[in-house]
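Using UniProt numbering, read the sequence shown as starting at 1 and increasing by one per residue. Heads up, the thing below is written out as structure tokens.
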Amino acid sequence: MLDGGAGSDNLNYYSSTAAVAVNLALDAASGGYAQGDTISNFENVSGSQFNDTLTGNAASNGLYGYDGNDVLSGGGDYDSMSGGNGSDTLLGDAGNDYLSGDDGNDVLRGGAGGDSLYGGSGNDTASYYTGSVGIVVDLTAGTGSGGDAQGDFLNGIENISGSQGNDSLVGNTGANVLQGWNGNDVLTGAGGRDTLTGGAGADRFVYGSAAQSPVGAGADLITDFSHAQGDKIDLAAIDANTTAAGDQAFTFIGSGAYTGVAGQLRYAQTSVNTTIVAGDLDGNGTSDFHIVLSGHIALVAGDFVL
């Protein structure tokens with residue numbers, strides 16, 4: 001019988017030779033050195049070097065995964081979680097939680113409350129998938145608002161998985177993956193070679209400059225552009241003619257070739273089942289940016305905000 005008693009107590013399975021599963025809400029423990037343990041009155045758990053499942057209770061919990069691909073789930077109070085090495089999943093639930101993925105490609109879901117999400121090294125994702133209210137998350141600013149993102153702080157996060165509402169997701173200079181899911185979402189990759197998926201709903205893919213999706217290997221990929229859903233590619237913030245004063249709008253020329261006029265926007269279908277959107281900003285007959293769409297799509301002017 002292991003009884004933590006009063007105070008803030010830690011149940012440590014760091015030396016276990018196999019993965020453990022510990023649920024503080026149920027006072028249950030199994031696997032590895034936890035097998036057969038009877039536990040009560042613990043607030044914190046240190047896992048093994050394997051793939052652990054650690055679950056908190058209504059108190060303020062500390063959950064530490066160490067090595068392995070761990071699943072850490074908090075309870076209703078302020079929880080602190082550290083995934084350690086491996087590709088971990090950290091679930092904060094209610095409360096103002098601290099989630100640190102540390103090494104590996106981690107998924108961090110803060111849940112309700114103003115949470116601090118630290119991805120650490122690796123390719124990490126902040127997930128709001130279970131939320132029904134739209135969110136605003138900006139990886140450049142490191143801030144979140146609305147729904148489960150209200151009051152969130154994000155650092156070292158590369159990807160965002162949005163809610164089921166109308167989201168606004170903004171990347172940073174890295175290669176981000178932005179996923180809107182349901183709702184009418186606005187996705188802005190910012191810099192880097194981004195992968196944008198709007199999901200269901202009339203989504204908008206926004207570009208503030210040609211540099212955000214350059215020609216070649218650095219071009220963004222939009223995976224699910226849909227006429228039927230009312231998706232738009234928003235280029236309104238880009239000056240289509242850099243040789244003239246002011247902010248000029250693009251002229252859509254379909255799949256035709258450039259004619260040496262600045263501000264022309266065209267598309268081409270490739271042999272690898274993609275469609276490339278391209279623009280000529282200075283009239284020299286060559287593209288100054290590319291945006292890649294999955295599939296062969298016959299684009300029309302109405303697909304753009306020019």
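The beta-carbon is built from N, C-alpha and C at its ideal position, and this holds for glycine as well.
Closest residue to residue i among the options (Cα-Cα distance)
i, options, result
"Ala-59", "Asp-52, Gln-150, Ser-73, Asp-67", "Ser-73"
"Asp-103", "Thr-140, Asp-67, Asp-224", "Asp-67"
"Ala-219", "Ala-244, Asp-234, Ala-278, Gly-183", "Ala-278"
"Asn-69", "Gln-35, Ala-19, Ala-126", "Ala-19"
"Val-186", "Ala-249, Ala-245, Gly-47, Ser-168", "Ser-168"
"Thr-53", "Ala-29, Phe-42, Asp-37", "Ala-29"
"Arg-266", "Arg-193, Leu-281, Ala-149", "Leu-281"
"Ala-217", "Val-137, Ile-276, Tyr-33, Gly-183", "Ile-276"
"Glu-43", "Tyr-33, Pro-214, Ser-80, Thr-17", "Ser-80"
"Phe-153", "Thr-143, Tyr-64, Ser-161", "Thr-143"
"Ile-238", "Gly-230, Ser-287, Gly-263", "Gly-263"
"Gly-208", "Ala-249, Phe-225, Asn-184, Gln-179", "Ala-249"
"Asn-85", "Thr-125, Gly-174, Ser-48, Gly-92", "Ser-48"
"Ser-40", "Gly-4, Asn-57, Asn-105", "Gly-4"
"Ala-202", "Gln-212, Thr-195, Gly-76, Gln-229", "Gln-229"
"Ala-141", "Gln-150, Tyr-33, Asn-155, Leu-178", "Asn-155"
"Asn-10", "Asp-37, Gly-62, Ile-253", "Gly-62"
"Leu-293", "Gly-56, Asp-224, Asn-96, Gln-164", "Asp-224"
"Phe-252", "Ala-298, Val-215, Arg-204", "Ala-298"
"Gly-192", "Gly-295, Tyr-78, Pro-214", "Pro-214"
"Asp-303", "Asp-97, Ala-94, Ser-226", "Ser-226"
Collapsed DSSP secondary structure at residue i in the structure displayed
i, result
"Gly-104", "coil"
"Ala-19", "coil"
"Tyr-78", "coil"
"Gly-4", "coil"
"Tyr-33", "helix"
"Gln-212", "helix"
Residues that DSSP places opposite residue i in a beta bridge
i, result
"Ile-135", "Partner(s): none; Ile-135 has no beta bridge."
"His-290", "Ala-278"
"Tyr-66", "Paired residue(s): none; Tyr-66 is not in a bridge."
"Arg-109", "Leu-91"
"Asp-234", "Val-206, Val-305"
"Phe-153", "Ser-116, Thr-143"
"Gln-264", "Thr-251, Asp-280"
"Gln-269", "Thr-275"
"Ser-163", "Its beta-bridge partners do not exist; DSSP assigns none."
"Ile-297", "Per DSSP, none; premise fails for Ile-297."
"residue 307", "An answer regarding residue 307 cannot be provided, because it is not within the stretch 1 to 306 covered by the chain."
"Leu-99", "Met-81, Leu-117"
Contact belief for residue i with residue j at Cβ below 8 Å, rounded distance in angstroms
i, j, result
"Gly-111", "Gly-83", "Between Gly-83 and Gly-111 the Cβ distance is about 16 Å, and since that is not below 8 Å, they are no contact."
"Gly-285", "Asp-231", "About 29 Å separates the two Cβ atoms, so there is no contact after all."
"Gly-195", "Val-170", "The amino acid at residue 195 is misidentified as Gly; the sequence shows Thr. 14 Å between Cβ atoms; not a contact."
"Glu-158", "Gly-180", "The Cβ separation is near 16 Å, so there is no contact."
"Gly-146", "Val-133", "6 Å"
"Val-136", "Ala-236", "Val-136 to Ala-236, Cβ: 20 Å. No contact."
"Asp-106", "Gly-122", "6 Å"
"Gly-75", "Ala-25", "6 Å"
"Gly-260", "Gly-283", "5 Å"
"Ser-16", "Gly-36", "That pair is no contact at about 13 Å."
"Ser-255", "Ala-268", "6 Å"
"Tyr-118", "Asp-148", "In fact, because the Cβ distance is near 17 Å, the residues do not count as touching under 8 Å."
Residue i - containing beta strand (DSSP E), residue span
i, result
"residue 307", "Only positions 1 to 306 of the chain appear in the structure, and residue 307 is not among them; the question remains open."
"Asp-220", "220 to 222"
"Asp-52", "That residue, Asp-52, is in no beta strand (DSSP E); it is neither H nor E in DSSP."
"Ser-60", "Note, Ser-60: premise wrong, no beta strand (DSSP E); not H, not E."
"Gln-179", "177 to 179"
"Ser-168", "168 to 170"
"Ser-30", "28 to 30"
"Thr-197", "195 to 197"
"Asn-12", "10 to 12"
"Asn-273", "From DSSP, Asn-273 is part of no beta strand (DSSP E); its letter is neither H nor E."
"Ala-126", "125 to 127"
"Val-71", "71 to 73"
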